[in-house]
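Chemist:
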Amino acid sequence: MPDTITRRGWLLAAIQRETAPITTQRAAQILAASPWGTAGRNTARKDLRALSSRGFLTAVETAGRRTYFPTTTGEDGRS
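Here UniProt numbering is used: position 67 in the sequence shown is 67, and no number is missing along the way.
(1) Just to confirm the assignment: which complete beta strand (DSSP E) runs, minimum length 3, are found wholly within the stretch 28-70?
(2) Got a sec? Which residues, its chain only, sit under 6 Å from Trp10 by beta carbon, not counting five neighbours each side?
(3) Which term fits Ala28, buried or exposed, when burial requires 16 or more other beta carbons within 10 angstroms of its beta carbon?
(4) Is Ala13 buried or exposed, if buried means 16 or more other CB atoms sit within 10 Å of its CB?
(5) Suppose contacts are defined by Cβ-Cβ distances below 8 Å. Is Ala44 in contact with Leu31 by that definition?
(6) Between the alpha carbons of Thr38 and Thr71, how many angstroms are there, rounded?
(7) How should Ile22 be labelled, buried or exposed, when 16 other C-beta atoms within 10 angstroms of its C-beta is the threshold for buried?
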């Protein structure tokens with residue numbers, strides 16, 4: 001049985017390859033290149049918030065703008 005990946009899983013993998021902080025706009029651009037096709041800002045925003053609430057991303061508020069960074073975890077998945 002092939003491995004299946006969700007849209008959010010795909011987005012997280014792509015974010016982990018990025019070197020700059022991720023904004024909603026950047027997440028929407030990344031999702032546009034995904035197998036799921038174009039995703040709007042609202043979908044990107046919801047995906048970023050969900051990944052953050054699950055501990056995969058850290059949200060940082062600067063000058064009224066929220067950006068996200070991948071959390072740093074060890075090999076076993078612990079911080």
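Where is the CB? At the ideal position from N, CA and C, for every residue including glycine.
For clarity, every value in this text was computed on a predicted model and none was experimentally measured.
Modeler: Looking at the coordinates:
(1) 57-62 and 65-70
(2) Counting only Cβ-Cβ distances below 6 Å, and skipping sequence neighbours, we find Ser34.
(3) buried
(4) Answer is exposed; the Cβ neighbour count stays below 16.
(5) Contact check for Ala44 against Leu31 passes: the beta carbons are separated by less than 8 Å.
(6) 26 Å
(7) Result: buried.
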